[in-house]
Structure formats: structure tokens, C-alpha cells
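Visitor: Questions regarding the structure given below will be posed in turn.
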Amino acid sequence: SNLKNSELTFCTLANLNQRQFDLLFSSSSLQYMDNPLEVLKRILALKPKFLFITRTPMSNAQSFFYVQESLLSSNGPGPLPKDLNNQMVRYPISILPKSEYLNLITEHYSVIAEVDEGVWGPTIRGEKIKMFGLIAKLNF
Numbered sequence: 002s003n004l005k006n007s008e009l010t011f012c013t014l015a016n017l018n019q020r021q022f023d024l025l026f027s028s029s030s031l032q033y034m035d036n037p038l039e040v041l042k043r044i045l046a047l048k049p050k051f052l053f054i055t056r057t058p059m060s061n062a063q064s065f066f067y068v069q070e071s072l073l074s075s076n077g078p079g080p081l082p083k084d085l086n087n088q089m090v091r092y093p094i095s096i097l098p099k100s101e102y103l104n105l106i107t108e109h110y111s112v113i114a115e116v117d118e119g120v121w122g123p124t125i126r127g128e129k130i131k132m133f134g135l136i137a138k139l140n141f
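First residue of the sequence shown: 2, per this note's numbering; consecutive thereafter.
Next comes the structure, spelled out in C-alpha cells:
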């Protein structure tokens, strides 16, 4: 990335174990991982000092595995390149109970702030899914 410098770096899941972190920032991404809790567990094992998780849909009690649909143009900033058609795209999404995220996080972190970020997408099996954000600090 062109934003990388001596104080800011980016990594992929493949080279995650080679890094130390002050901050984990996850914006609307955990739910698109094959196993969101396992990915989060791997990241938490590295003990970043702070977590900032935002724009993550979470259910009240049930786990939902859903196929999300949207126009290609809705999946990033700016206009589509001229050679791409603005078509419907589909991708899997895991919506897990908020308690599962919190149970994992609070094993070694204290939640400093929690934000209800509003309703996400469609109602699934009678439940309106909400987006949540949180900031947590590593317990030393």
C-alpha cells in the first residue's frame, strides 16, 4: 500500500504471525472470512494493544450463514473501471452472535466502548441483524 511507512504497515492473513501490532482495525471484514472467530482468535493471539472492530453484523443468539447480494459498484469507492459491467455479485457472509465475539475478546481485553451502528440488511429468520462496533484494550 502507498500508505505504508515506518509507523504504519499492513499485512495479510498469510504473514500475520510475523508481525506485532499496536492496533487491530477491522471494518466490515470479519463476517466475510470462512471462519470469523478462528481468524479473530489468530489475531488476538498476537496480543495487539487495542482492537477497533466496526461495521460488523452480529445477531442476538443464532448463527446465520447467508449469501449476500449487491451490485458490483456498491463494493468499493469510486466508479467502476469502464471495462467492468455493473452486475449483481454474490458472496457468503457469516453472521454470528454478538456474545461469541465478546466472549472471545473479553478473555484478554477490556471493552472500552461499544456502539450500536444500526440495522444491517434484511431480516433473517425473523431477526433484524444489527451492526456493532467496539474498542477494546489488552489487559496487561
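Ideal Cβ positions, reconstructed from N, Cα and C, are used throughout, including at glycine.
#1: Near Ser64, which residues of its chain fall below 6 Å by C-beta distance, leaving aside the five closest residues on each side in sequence?
#2: According to DSSP, which residues form a beta bridge with Val40?
#3: So, with DSSP's three-state summary, where would you put Ser2?
#4: How long is the line joining the alpha carbons of Thr55 and Ser30, rounded to whole angstroms?
#5: For Val90, collect the residues of the same chain with a Cβ closer than 8 Å to its Cβ; drop the 5 residues on either side in sequence, then sort them by chain order.
#6: What is the residue span of the alpha helix (DSSP H) that Lys99 lies within?
#7: For Val116 and Pro58, what's the separation of their Cα atoms in angstroms?
#8: From this set, Phe66, Pro123, Leu45, Pro37, which residue's C-alpha is nearest Asn140's C-alpha?
#9: According to DSSP, which residues form a beta bridge with Asp117?
#10: Go to Thr55, then tell me how far its beta strand (DSSP E) extends in each direction, as first and last residue.
Guide: According to the data block:
#1: If we look at Ser64 and ignore the five residues flanking it on each side, its Cβ neighbours are Leu97.
#2: Under the DSSP definition of a beta bridge, Val40 lacks any partner.
#3: Because Ser2 sits at a pLDDT of 48, beneath the cut-off of 50, its placement in the model cannot be relied upon, and the point is left open.
#4: Cα-Cα distance, rounded: 9 Å.
#5: The answer, listed in chain order, is Glu70, Ser71, Leu72, Leu73, Asn76.
#6: From DSSP, the alpha helix (DSSP H) with Lys99 extends over 99–106.
#7: Rounded to the nearest angstrom, the gap between the Cα atoms of Val116 and Pro58 is 12 Å.
#8: Of the candidates Phe66, Pro123, Leu45, Pro37, the one whose C-alpha sits nearest the C-alpha of Asn140 is Leu45.
#9: Note: Asp117 sits in a beta bridge opposite Phe133.
#10: Unbroken beta strand (DSSP E) run through Thr55: 51–60.
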